[in-house]
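Chemist: Structure provided below as structure tokens; questions to follow.
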Amino acid sequence: MSVSCQSIGDVEESVGAPWWADAVVYQVYLRSFADGSGDGVGDLAGLRSKLPYLADLGVDALWINPWYPSPMADGGYDVADYRAIHPDFGSLADAETLIDEAHRLGLRILADIVPNHTSSAHTWFRAALAGDAAARERYVFRDGRGEDGSLAPNDWVSCFGGPAWTRLPDGQWYLHLFAPDQPDLNWANPEVVAEFEDVLRFWFDRGLDGFRIDVAHGLMKQPDLADAGPRIASSQHVQAHPAWDQDSVHEVYRGWRTIADSYDPPKVFVGEIWVPDNDRLVRYLRPDELHTAFQFDFLRTPWRADALRTVIDDAREAVRDVGAPPTWVLSNHDVTRVVTRYARHQPLHPVEADWDRGRWPYQAPDIDLGRRRARAAALLQLALPGTAYIYQGEEWGLDEVEDLDGRVRQDPMWVQSDFTDPGRDGCRVPLPWGAQAGANLGFSPDGAVPAWLPQPESWAGLTHDEQVDDPDSFLTLYRAALRIRHQLWCGAEDLVWLDSGGDAVAFRRGPLECWVNTGTRALSLPSCAAVLLSSAGLVDGKLPGDAAAWLRH
Ligand code: GLC
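Counting in the numbering used here, the sequence shown runs from 2 upward without gaps.
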């Protein structure tokens, strides 16, 4: 196939665009990022020691998963105190130092706020358990159905499996859309609204630049708590359900936006929002609500040019009218790592059908294939206009750890699904920083203790230290891509599709073109263009299958 050359305009300056509109945000799953204290658990000291690495990588901001005191029933998404740091991670002073140091290196910091539920260890819920009526009003307590109240108040089930209600010895039930240790808050209660507004100010006053909002489509429930009926599958990713995406939730975010805008510079929100379609999603992005939201369809799309083009267009069009940037995510702490997802042939319509966090476990993975595609996907993601998220270890090409022993698994999904769903531990295994002697591939300073989840031996060749000076490594590719992105692209530029044929995704954006070959046959590239970067070596000037290249005329 041959293609024609395109003339390229000058680089536009994105005057006045807010920093987050074209930012690259690096997701830090703190427990597994780097251990500074030597106990096998990642912490703020470990993260601080790696800030120079992150600045050098070329990202603009960090999003740090929950860092609060927590019994860790759900990896910290069960928060016991929203105004403190888990002692395993450090102290409030460490968090403040981290924010200062990051700012000095030009990195912004987003934390994770979890408003749909607290931990059952939160003082509010403890008071509720002790029978305090006002405290019960902050959660969703109900009498049961049936003569003796022994039937749950409705038919909702937990996202992790099993019922969404737990009965107390006094006969009342409480709602938990996730684990029983994560009681849902009652957002119709003004005390809850006021509490979270105060928590936002608490962290913004300490210099935090914004928040990722956990389960942002949750919070409000239909007031009558109606049965879900045929929509009983409770997964937060499915169709309209009385527990999710209620119109009243938007009022909460209008209040939050007012607080964010009262700071100079204004603070920023990104919502984790699982709704049936983009029309529902953009309602959260109206100018007086959230700034951005993850658009997860991109990561649920199979490695096929037509499907990728469609999802990219849908995502851009969806946010155009509200003036928000699209967001591009290849993986996070809830889904199978991108290398392993792309290592399998994928169902044709995972977005609509059997999305199961990208596991498709019925096929043996071809990890080399997955890695080639993940390298290409990185160049695609980082060329797209909008915000890009990199999940820790993605820049090293780490694969999912699929063979963790059931006894070490910690995700509540494993137990709540009656050991049928392995859960999300496989994408949360501690990072292999180096090959130092010791038990945990450089995760801890002296490697004296094993990491909190065991790392696979196969990662010994994928450590940061192995990759940092290797011109062909994943890390080198990411660093080069991020450098070019910052030098040559700016947020205001949209993409223009190029005529590329069936198996290719190709577009021009500002001074560069991005070509992605999702097929198996080599693809001819425009002959008048210089190849700035490619995910695989060209063969006779052609782009091999499962590879991508950035070109400049
Ligand atoms: C979000 C988090 C996930 C957590 C759940 C409950 O989906 O990303 O890790 O289990 O919310 O808080």
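We put the CB at the ideal spot given by N, CA and C, even for glycine.
(1) Just the residues with CB closer than 5 Å to a heavy atom of the ligand GLC, in chain order, which are they?
(2) Determine the DSSP secondary structure at Glu148, reduced to helix, strand or coil.
(3) Rounding to the nearest angstrom, what Cα-Cα distance links Leu496 and Gly424 in this structure?
(4) Does the segment 414-432 come within contact of the segment 185-204, defined as at least 3 CB pairs closer than 8 Å?
(5) Among all the DSSP beta bridges, which residues are the ones paired with Cys515?
(6) Just the C-alpha distance for Leu130 and His118, rounded to the nearest angstrom, thanks.
(7) Quick check: the segment 56-66 against the segment 18-32, are there 3 or more CB pairs under 8 Å?
(8) Give the range of the beta strand (DSSP E) segment to which Tyr27 is assigned.
(9) Anyone know if the C-beta pair for Trp245 and Gly272 falls short of 9 Å?
(10) What does the alpha-carbon distance come out to for the pair His177 and Ala81?
(11) Expressed to the nearest angstrom, what Euclidean distance is found between the alpha-carbon atoms of Leu483 and Leu383?
(12) Please report how far the alpha carbon of Val323 lies from the alpha carbon of Leu286, in whole angstroms.
(13) Any idea which residues DSSP pairs Pro164 with across the strands?
(14) Quick one: grab the DSSP three-state call for Lys222.
(15) With DSSP run on the structure shown, which of helix, strand or coil describes Val497?
(16) Pick out whichever of Glu395, His87, Tyr54 and Met414 has its Cα sitting closest to the Cα of Pro70.
(17) Give me the residue from Trp397, Leu526 and Asp547 with the minimum Cα distance to Asp541.
(18) Who pairs with Phe142 in a beta bridge, going by DSSP?
(19) Under 8 Å: do the segment 146-158 and the segment 402-417 share three or more Cβ pairs, one atom per stretch?
(20) I need the straight-line Cα distance from Pro433 to Val42, nearest angstrom please.
(21) Using only alpha-carbon positions, find the residue among Phe297, Thr259 and Tyr140 that is nearest to Ser560.
(22) Bridge partners of Val269, per DSSP?
(23) Just to confirm, are Arg49 and Glu102 a CB contact at a threshold of 9 Å?
(24) Could you name the residues that DSSP lists as bridge partners for Thr328?
(25) Please classify Ser263 as buried or exposed, where buried requires at least 16 other C-beta atoms within 10 Å of its C-beta.
(26) Excluding five sequence neighbours on each side, which residues of the same chain lie with their C-beta closer than 7 Å to the C-beta of Pro457?
(27) List the DSSP bridge partners of Val540.
(28) Indicate the three-state DSSP secondary structure (helix, strand or coil) for Gly10 in the structure shown.
(29) I'd like the span of the alpha helix (DSSP H) that includes Ile100, first residue to last.
(30) How long is the line joining the alpha carbons of Gly448 and Tyr78, rounded to whole angstroms?
(31) Kindly indicate which three-state DSSP category Ile368 falls into: helix, strand or coil?
(32) Sorted by chain position, which residues of the same chain lie with C-beta nearer than 7 Å to Val336's C-beta, five sequence neighbours on each side aside?
(33) Under 6 Å Cβ to Cβ from Asp422, same chain only, skipping five residues before and after it: list those, please.
(34) What span of residues does the alpha helix (DSSP H) with Ile313 cover, start to end?
(35) Rounded to whole angstroms, what is the Cα-Cα separation between Asp334 and Tyr392?
(36) Distance check for Ile260 and Asp289, CA to CA, integer angstroms please.
Modeler: Answer, in terms of the structure:
(1) Result: Asp75, Tyr78, Phe179, Asp215, Val216 and Asp335.
(2) Here Glu148 sits in coil by DSSP.
(3) If I take the Cα positions, the gap works out to 37 Å.
(4) Fewer than three Cβ pairs drawn from the segment 414-432 and the segment 185-204 lie within less than 8 Å of each other, which leaves the two stretches out of contact.
(5) Note: Cys515 sits in a beta bridge opposite Phe508 and Trp551.
(6) Computed Cα separation, rounded: 15 Å.
(7) Taking 8 Å as the limit for Cβ pairs, the verdict is that the segment 18-32 does touch the segment 56-66.
(8) Residues Val25 to Val29.
(9) Taking 9 Å as the Cβ cut-off, Trp245 and Gly272 do not qualify as a contacting pair.
(10) The C-alpha of His177 lies about 15 Å from the C-alpha of Ala81.
(11) Rounded to the nearest whole angstrom, the C-alpha separation of Leu483 and Leu383 is 7 Å.
(12) Looking at the two C-alpha atoms, the distance is approximately 6 Å.
(13) Bridge partners of Pro164: Val158.
(14) Lys222 sits in coil when the DSSP states are folded into three classes, being neither helix nor strand.
(15) In the displayed model, Val497 falls within a strand according to three-state DSSP.
(16) Sorting Glu395, His87, Tyr54 and Met414 by C-alpha distance to the C-alpha of Pro70 places His87 at the top.
(17) Residue Leu526 is the option with its Cα nearest to Asp541.
(18) Under DSSP, the beta-bridge partners assigned to Phe142 are Tyr175.
(19) Not touching, per the Cβ criterion.
(20) Those two C-alpha atoms are separated by around 13 Å.
(21) Nothing in the structure corresponds to residue 560, since the chain is present only between 2 and 554.
(22) Gly211, per the DSSP bridge assignment.
(23) Cβ atoms of Arg49 and Glu102: closer than 9 Å.
(24) Thr328 pairs with Thr388.
(25) By the neighbour-count rule (16 or more Cβ atoms within 10 Å), Ser263 is not buried but exposed.
(26) Taken in chain order, the residues that qualify are Val402.
(27) DSSP output for Val540 lists Lys543 as bridge partner(s).
(28) Since pLDDT at Gly10 reaches only 31, below the 50 mark, its modelled position is unreliable, and no value is offered.
(29) That run of the alpha helix (DSSP H) goes Leu93 to Arg105.
(30) In this model, Gly448 and Tyr78 are separated by some 27 Å (Cα to Cα).
(31) Ile368: helix per DSSP, three-state reduction.
(32) Around Val336: Leu300, Arg358, Gly359 and Cys428.
(33) Answer for Asp422: Met414, listed in chain order.
(34) First-last of the alpha helix (DSSP H) with Ile313: Ala306 to Arg321.
(35) Sequence inspection shows His at residue 334; the Asp mentioned does not correspond to that position. Going from the Cα of His334 to the Cα of Tyr392 covers about 8 Å.
(36) Rounded to whole angstroms, Asp289 and Ile260 show a C-alpha spacing of 11 Å.
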